[in-house]
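Here's the structure we're looking at; comments come further down.
Number of protein chains: 2
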Amino acid sequence: MGRWEPDARGRLAKAALELYAEHGYEQTTVAEIAKRAGLTERTFFRHYADKREVLFAGAGELEDLFVRAVADAPRAAVPLDALTVGLDAVAEMFADRREFARRRHAVITANAELQERELIKLASLAAALVDTLRGRGLAEPTASLAAEAAVAVFKVAFERWIAPGEERAMRQLIRESLTELKAVTSGV
Amino acid sequence: MGRWEPDARGRLAKAALELYAEHGYEQTTVAEIAKRAGLTERTFFRHYADKREVLFAGAGELEDLFVRAVADAPRAAVPLDALTVGLDAVAEMFADRREFARRRHAVITANAELQERELIKLASLAAALVDTLRGRGLAEPTASLAAEAAVAVFKVAFERWIAPGEERAMRQLIRESLTELKAVTSGV
DNA sequence: TTACGTGATGACAGAGACTGACATCAGGTG
DNA sequence: CACCTGATGTCAGTCTCTGTCATCACGTAA
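Keeping their order, the protein sequence lines are chains A and B. Numbering (our numbering) for the first sequence: 1 to 188. Numbering (our numbering) for the second sequence: 1001 to 1188.
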């Protein structure tokens, strides 16, 4: 056995989600999270930049996955179709984590600071998509608008996917949201 | 003359923007802002909920203006046209404040925490637009997608409007961004 | 085996954001 | 003149987050 219990980072994330869910984000102190994980407050801040970031460790991977899928989409694909390839990749990644996503999202929805962090992660995703679309030859401001549209579709589809009782696959909800977006922007 | 210098709130906002621009947001303490405004730190927090909010006092008015314009758009107007009425109202409100908007936006762009706050203000705007569109009879998720699209158009047009050397009116940039959005979502 | 470097953690002090409670006091009101 | 009100000041305290130094199991090389 090593000197320390393994996976300190994961233990902190687990303790934080539990405590945020049990007592609320604001009512939970970092010292409490660290204690439940068998560590000290100082060590928490070595693993996570701040008290919010502990809920968003997976955002980078989601961004990488999305971006890579868009970049690898057929060169002939129209921007929105390339973005759809990325959306499908994200849907697949989430597929078997619906309950975890529900718990996590309930915590975030209950607190404005956490929503802010979620929004900037989505903004970062949008910015990365803009770069990728530009790399595919799309000009501004079209690239920004297409990226924002794709993120909007993701947001809407995700919220529907985690709605209580919802059982349809995220991929299907993404398809429906894309269709709705096309309809509403075509001025019907 | 009254017991206190007038417009404490405005003095705090002015001092904060100046100091954030001069030394950066993080390097500025609330005590310094209060001192420049001739007040104490405690009084700052009576006027603004936190150190960031002092830059976003106008967000509520922008939201009200936008929402009211959409609500008052002709009943026959298609969602995107109603939203365009709102965008035009916002453009008019900004018209004579381009230099102030540039200074303020430069401060926000330089700091992630301030960007988070900006994003949640835009999310609040989007949520208010959803309510308004629902009031006009639009169903979900179409209402959410239309609102997100309108906010995306605003973001893109605003950024172009404050770009160095840009002199075109915001209304025109909004028109162009709307056209781009329609093109990209129609799959061209 | 011994000496040394490395990396994850702990301990501690301190700055700064934010809050609650109470004090102050000019101006209005009866 | 007594009283109330509202904006501000003062002070103590909690919590987030950071810098710095100490600790110590483990791996590596002489």
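All residues carry an ideal CB built from backbone N, CA and C; glycine is no exception. All of these numbers come straight from a predicted model, not from anything done at the bench.
With distances taken Cα to Cα, identify the nearest neighbour of residue i among the options.
| i | options | result |
| --- | --- | --- |
| residue 151 of chain A | A/162, A/136, A/67 | A/67 |
| residue 1027 of chain B | B/1051, B/1086, B/1097, B/1165 | B/1051 |
| residue 98 of chain A | A/162, A/54, A/44, A/59 | A/162 |
| residue 107 of chain A | A/24, A/13, A/70 | A/24 |
| residue 1007 of chain B | B/1038, B/1126, B/1164 | B/1038 |
| residue 1040 of chain B | B/1011, B/1164, B/1096 | B/1011 |
| residue 1190 of chain B | B/1141, B/1109, B/1176, B/1164 | Because residue 1190 of chain B is not part of the residues shown, which for chain B are 1001 to 1188, the question remains open. |
| residue 171 of chain A | A/89, A/165, A/111, A/182 | A/89 |
| residue 49 of chain A | B/1169, B/1113, B/1164 | B/1113 |
| residue 109 of chain A | B/1005, B/1120, B/1153, B/1183 | B/1120 |
| residue 21 of chain A | A/5, A/31, A/111 | A/111 |
| residue 1169 of chain B | B/1146, B/1128, B/1096 | B/1096 |
To the nearest angstrom, report how far apart residue i and residue j are at their CA atoms.
| i | j | result |
| --- | --- | --- |
| residue 1084 of chain B | residue 1093 of chain B | 14 angstroms |
| residue 1178 of chain B | residue 144 of chain A | 12 angstroms |
| residue 1057 of chain B | residue 1118 of chain B | 11 angstroms |
| residue 1101 of chain B | residue 9 of chain A | 41 angstroms |
| residue 142 of chain A | residue 115 of chain A | 27 angstroms |
| residue 154 of chain A | residue 65 of chain A | 14 angstroms |
| residue 1182 of chain B | residue 1087 of chain B | 16 angstroms |
| residue 61 of chain A | residue 122 of chain A | 12 angstroms |
| residue 1164 of chain B | residue 140 of chain A | 16 angstroms |
| residue 1032 of chain B | residue 1019 of chain B | 8 angstroms |
| residue 3 of chain A | residue 42 of chain A | 18 angstroms |
| residue 128 of chain A | residue 1105 of chain B | 21 angstroms |
| residue 29 of chain A | residue 167 of chain A | 35 angstroms |
| residue 1146 of chain B | residue 1005 of chain B | 46 angstroms |
Since residue i and residue j are thought to touch, with beta carbons under 8 angstroms apart, how far apart are those beta carbons, to the nearest angstrom?
| i | j | result |
| --- | --- | --- |
| residue 1148 of chain B | residue 1126 of chain B | 6 angstroms |
| residue 54 of chain A | residue 13 of chain A | 5 angstroms |
| residue 17 of chain A | residue 103 of chain A | 7 angstroms |
| residue 63 of chain A | residue 124 of chain A | 6 angstroms |
| residue 1036 of chain B | residue 1015 of chain B | 4 angstroms |
| residue 59 of chain A | residue 44 of chain A | Going by Cβ atoms, the distance from residue 59 of chain A to residue 44 of chain A rounds to 18 angstroms, so no, they are not a contact pair. |
| residue 1073 of chain B | residue 1174 of chain B | So it is not a contact: roughly 15 angstroms between Cβ atoms. |
Quick test of the definition: if touching needs 3 or more C-beta pairs under 8 angstroms, does the segment 1072–1090 of chain B touch the segment 172–187 of chain A? yes
To test your reading of the DSSP string, which unbroken alpha helix (DSSP H) runs of 4 or more residues are found completely within the segment 1054–1087 of chain B? Correct list: 1059–1071.
Using 8 angstroms as the Cβ pair cut-off and three pairs as the minimum, do the segment 131–142 of chain A and the segment 1129–1145 of chain B touch? No: fewer than three Cβ pairs fall under 8 angstroms.
Of all the beta strand (DSSP E) runs that stay within the bounds of the segment 1096–1175 of chain B, which reach a length of 3 or more residues? Within the segment 1096–1175 of chain B, no run of beta strand (DSSP E) reaches 3 residues while sitting entirely inside it.
Inside the segment 1016–1043 of chain B only - alpha helix (DSSP H) runs reaching at least 4 residues: 1030–1036
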